[in-house]
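Here is the structure we will look at, set down as structure tokens.
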Amino acid sequence: MQAAQGVVEKIQRTQVEPLNQAAGLCANAILQGGLVHLFGTGHSRMPVEEIFPRHGSFPGFHPIVELSMTFHTQVVGANGQRQAMFIERMPGLGEVILNNFLFRPHDVFIIFSNSGVNNVVIEVAQGVKQRGMALIGVVSVAHCQASAPQHASGLRLTDLSDIVLDNCTPAGDAMVQVDGLAEPVGPGSTLGYAVLVNALKSGVAERLTQAGQPPLVLTSSVLVGAERSAELFERAYDDYRARMAQVFTG
């Protein structure tokens, strides 16, 4: 609990300015009819899902998650972790993923990667920049700096990002030392991610509302009743479908 509290407090101390910058970029993209694309591999798929779709979220975000690199519950055997870790290091995969979609220069792209060095992450980041989009990298800065680059360019995600958000967890991710156990346990990156993305999402909603385009928020029936909740879900899904047409048809 103390370690987790320390992560949250460090985010409060150090990330307000970059969060505001990122929220402004994302809101501007959505206000122009664009999208905020989201990408993460491994456990970094979780902040993608934390942004959209879930209660308290809204259209304007486009999750891009490859099952081959994120299907962790199998562990070993078919679709196991060894394959997932191998795939995310394969040269050329990043561009193959991006080629599935049409992007606009006023779109924004967010990449989540605790280490910020895996091959596919760097390839996607390079492809984003080549397509003229603003890039927000969400990493553990400490872990990223301690990690050897894997891409042939020697680049890290932080080198390519226009804005860097730090989840403020230590190198190695695990934060808790147990007496008698040599290795630490209790990774903190998921906690840091959750704080960052919900602060970001809230900032985007505020800016959209101030601009006269309040978002369609997926809202629990506990708050607004079953009928209103169902209406909001349907309207949000319809809005999302309309926005998504541009990534396939231009």
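The sequence shown begins at 2 in the numbering used here and counts up by one. Backbone N, C-alpha and C fix where the C-beta goes; we use that ideal spot for every residue, glycine too.
For a cut-off of 8 Å, the C-beta gap from Thr71 to Gly43 is around 6 Å, short enough to register as a contact.
Beta-bridge annotation (DSSP): Asp167 is paired with Val140. Of all alpha-carbon atoms in Gln75, Val125 and Met86, the one lying nearest the alpha-carbon of Ile98 is that of Val125. Along the region 174-206, the beta strand (DSSP E) occurs as fully enclosed runs of 3 or more residues at 175-177 and 186-188, listed in sequence order.
Counting along the chain, Leu233 sits inside no beta strand (DSSP E); it lies in the alpha helix (DSSP H) bounded by residues Ala227 to Thr250. The three-state secondary structure of Leu103, taken from DSSP, is coil.
A direct Cα-to-Cα measurement between Met2 and Thr159 gives close to 29 Å. The three-state secondary structure of Leu217, taken from DSSP, is coil. Rounded to whole angstroms, the separation of the alpha carbons of Pro188 and Gly57 is 25 Å. Counting only runs of 3+ residues, the beta strand (DSSP E) found wholly inside the region 11-75 occupies 37-41 and 62-65, in chain order.
In this structure, Glu232 is the residue among Gln214, Glu232 and Pro216 with its C-alpha nearest to the C-alpha of Ser222.
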